[in-house]
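Read through the structure below, which is laid out as structure tokens, and then see the notes.
Residue numbers (full-length UniProt numbering): 1 to 697.
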């Protein structure tokens, strides 16, 4: 099977995890970004759109009411309150528009990558050219070097190198071939070499690229269950405060006073949770945006939220926990053989081995031996093959060297008239028990064959994973390694990597059964996969991350697609999901705490001048300049705090891998106490400014 081309940039190092290959978007609050977001924010003032956000719809209704009152009985105070109420609504819409604008910028990049092309339709053994828009699911198309793949599909014949930079942003080409887990191709990508036949799997307008564009624009973002529940709670609180504010006017009239409509509306707007109501949608959009910037496409906001609640991570061993290619770790000579002699023979026998394992042996042994390619002049290379399970070199003078699987080399040695030392079997068993792969090196000096030693191949565990798994464990997340290795090898690698458990000799049904058992125990499960045989497990998992290099079936079954096809990114996905939940919780706490402080700013000031309520002056702990100044200052602060928190909503609250109770204490201290203290300072400062402007209050 052909191998995927290593995903390095030409002439540069490998791309680090989480790197966004697309050009960085302009700052969220750059003049250009804000100018682009303002028209969208104004369009969102449509009541049919605003009614979906109960809290901000209440503010909109109050703004309309104060506007009518202002037109009937204008004053500097009522005009000021009215303008700042409208500013509150616009700022809330602007937060959502800015979040959507970040996605639209990426969607524009994707839209430019979508090309109108023709397709070479294969029907009845003959080709005909038609417009790509005329293709339907099931059609067969031929693509050769230089052709744009006209639609999503699976390779059913041939193998080719494909440039997928239009989708992934990665310039290095990848191999796509029939009959494996790397058969899926995406419309709009370009064939660089060879010829493939593709079976189209998507109808026009429903391709992967089309779905990406719609999702990153936010056009298909649906509210998650938790978001819907929080909206319902905020609406209930708004109704309670509305009823409370409505009853204040009869009490004021009974006491011989009167509260103007702008004052009552200002009180209502300041008491309902406008801060989180304004930022709730942008928090969800920003969560999906953070994933897109890491080249992960979430098919729904529900998937991002589920990632934050994951308690069990299922991780494939190869390519996720280990580097994937077995690497030469050490050479161990048998008794009576010099280590340098063994390394020279291992080097020679691997020169004709083009596998990653063979190349790693050459790299390990070359520095310690003077043997080079030129020393084998006139020699006959013996390439590695799956049939012989050996590679080697036949040198002039009758000398030959071999390296390969223990059973294959053992048979070769005996055919050459040699013997198999007992300590060779001990070495092979010891390396196998440690989770490694032993390759035996032997030579024939022209008279008889002898074993020189064993090369220890090791599936290298990625650096830093043990520490990351320890962090996940501290967060209450259990890690399970899935591998097709035998239990002995799996146990050795699991112990080295530091995972909590492992599933050895795993079949697709074993994976599915494991996920079901975890879910029956009340746990949320995340896993990655790329093959058709992974599709059932991906569909069953709460968070199923399909690799973009995988089959169409896998991508359809999962609720996320990793465009970089890096299985280790699952850990980062969980962190982003948790950051979204923490951000929403922290800003909700801040908003509720804010309302408590604003209560002490407005209520005492409202009733201070009404007979019979002079006792409320004791609650005026801020010492504000007067009723009108207090009310206007609270409204101004209420609007400005939304603008101040938009960057935090888009960036997300800082997330650490501390224990959940430690994070809760930290957030209560920062956002709970901060939400109480900030309004006292902010409203007081605004009051000083407002009261210093002649004629304003």
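Virtual Cβ for every residue (Gly too), placed ideally from N, Cα, C.
It should be emphasised that the depicted structure is a prediction, and the values quoted were computed from it without experimental measurement.
Proximity test, Cβ basis, 9 Å: residue i and chain C
{"i": "residue 587", "result": "Checking the listed chains, one finds no chain C in this structure; it contains a single protein chain."}
Residue from the options whose Cα sits closest to the Cα of residue i
{"i": "residue 83", "options": "96, 101, 401 and 59", "result": "59"}
{"i": "residue 500", "options": "477, 510 and 516", "result": "477"}
{"i": "residue 564", "options": "297, 207, 43 and 318", "result": "297"}
{"i": "residue 78", "options": "149, 627, 187 and 648", "result": "627"}
{"i": "residue 226", "options": "593, 685, 580 and 687", "result": "580"}
{"i": "residue 151", "options": "420, 328 and 188", "result": "188"}
{"i": "residue 164", "options": "678, 178, 179 and 146", "result": "146"}
{"i": "residue 576", "options": "302, 409 and 117", "result": "302"}
{"i": "residue 505", "options": "512, 236 and 486", "result": "486"}
{"i": "residue 284", "options": "95, 240, 361 and 38", "result": "95"}
{"i": "residue 667", "options": "622, 684, 582 and 621", "result": "582"}
{"i": "residue 279", "options": "654, 669 and 645", "result": "645"}
{"i": "residue 178", "options": "694, 647, 586 and 531", "result": "531"}
{"i": "residue 426", "options": "379, 484, 399 and 335", "result": "335"}
{"i": "residue 43", "options": "71, 97, 346 and 669", "result": "97"}
{"i": "residue 403", "options": "413, 446 and 566", "result": "413"}
{"i": "residue 272", "options": "243, 237 and 282", "result": "237"}
{"i": "residue 300", "options": "313, 286, 312 and 311", "result": "286"}
{"i": "residue 595", "options": "683, 665, 512 and 664", "result": "683"}
{"i": "residue 378", "options": "397, 74, 368 and 360", "result": "397"}
{"i": "residue 328", "options": "321, 346 and 320", "result": "346"}
8 Å Cβ shell around residue i - same chain, five flanking residues per side excluded
{"i": "residue 137", "result": "200, 201, 202 and 203"}
{"i": "residue 661", "result": "none"}
{"i": "residue 720", "result": "A question about residue 720 goes unanswered here, because the residues of the chain that appear run from 1 up to 697."}
{"i": "residue 274", "result": "55, 56, 59, 88, 92, 591, 638 and 642"}
{"i": "residue 648", "result": "583 and 587"}
{"i": "residue 34", "result": "94 and 98"}
Distance, residue j Cα to residue i Cα
{"i": "residue 53", "j": "residue 591", "result": "16 Å"}
{"i": "residue 441", "j": "residue 432", "result": "16 Å"}
{"i": "residue 460", "j": "residue 494", "result": "12 Å"}
{"i": "residue 277", "j": "residue 588", "result": "9 Å"}
{"i": "residue 602", "j": "residue 522", "result": "46 Å"}
{"i": "residue 452", "j": "residue 439", "result": "11 Å"}
{"i": "residue 546", "j": "residue 534", "result": "9 Å"}
{"i": "residue 769", "j": "residue 362", "result": "The structure shown does not extend to residue 769, since the chain is modelled only from 1 to 697, so the question has no answer here."}
{"i": "residue 678", "j": "residue 45", "result": "29 Å"}
{"i": "residue 420", "j": "residue 365", "result": "24 Å"}
{"i": "residue 561", "j": "residue 130", "result": "30 Å"}
{"i": "residue 234", "j": "residue 307", "result": "24 Å"}
{"i": "residue 417", "j": "residue 492", "result": "36 Å"}
{"i": "residue 519", "j": "residue 673", "result": "37 Å"}
{"i": "residue 600", "j": "residue 304", "result": "38 Å"}
{"i": "residue 61", "j": "residue 240", "result": "16 Å"}
{"i": "residue 119", "j": "residue 139", "result": "10 Å"}
{"i": "residue 127", "j": "residue 540", "result": "41 Å"}
{"i": "residue 101", "j": "residue 559", "result": "23 Å"}
{"i": "residue 538", "j": "residue 481", "result": "16 Å"}
{"i": "residue 663", "j": "residue 656", "result": "8 Å"}
{"i": "residue 515", "j": "residue 557", "result": "15 Å"}
{"i": "residue 244", "j": "residue 39", "result": "35 Å"}
Same chain only: Cβ atoms within 6 Å of residue i, ignoring 5 sequence neighbours per side
{"i": "residue 195", "result": "144 and 158"}
{"i": "residue 498", "result": "466 and 469"}
{"i": "residue 326", "result": "357, 437, 457 and 459"}
{"i": "residue 489", "result": "435"}
{"i": "residue 405", "result": "389"}
{"i": "residue 593", "result": "672, 675 and 676"}
Residues of its chain near residue i, where Cβ-Cβ distance is below 7 Å and the 5 sequence neighbours each way are ignored
{"i": "residue 700", "result": "The structure shown does not extend to residue 700, since the chain is modelled only from 1 to 697, so the question has no answer here."}
{"i": "residue 333", "result": "339, 342, 452 and 453"}
{"i": "residue 173", "result": "5, 161, 162, 163 and 192"}
Would the stretch 80 to 98 and the stretch 632 to 652 be scored as touching if the rule is three or more Cβ pairs under 8 Å?
yes
As an exercise, report each continuous alpha helix (DSSP H) stretch of at least 4 residues that is fully enclosed by the stretch 268 to 355, in chain order.
274 to 293, 301 to 308 and 339 to 350
So within the stretch 533 to 613, which uninterrupted alpha helix (DSSP H) runs reach at least 4 residues, ignoring any that extend past its ends?
535 to 540, 552 to 557 and 569 to 607
Unbroken beta strand (DSSP E) runs of length 3 or more, entirely within the stretch 447 to 519: which are they?
449 to 458, 478 to 482 and 501 to 503
Which runs of the beta strand (DSSP E) at least 3 residues long sit entirely within the UniProt domain "P-type ATPase A" (116 to 217)? Give them in chain order.
118 to 123, 126 to 131, 140 to 144, 153 to 163, 174 to 177 and 195 to 200
I want to know whether the stretch 553 to 573 touches the stretch 331 to 345 - three or more CB-CB distances under 8 Å.
no
Inside the stretch 626 to 664 only - beta strand (DSSP E) runs reaching at least 3 residues
none
Do the stretch 389 to 400 and the stretch 278 to 297 touch if we need at least three Cβ pairs shorter than 8 Å?
no
Is there contact here, the stretch 61 to 69 with the stretch 261 to 274, by at least three beta-carbon pairs under 8 Å?
yes
Inter-stretch contact at 8 Å, needing at least 3 Cβ pairs: the stretch 377 to 384 / the stretch 343 to 363:
yes
To test your reading of the DSSP string, which unbroken alpha helix (DSSP H) runs of 4 or more residues are found completely within the stretch 397 to 448?
406 to 415 and 422 to 433
What are the uninterrupted segments assigned as alpha helix (DSSP H) that are 4 or more residues long and contained completely in the stretch 31 to 113, given in chain order?
31 to 43, 47 to 50, 54 to 72 and 76 to 113
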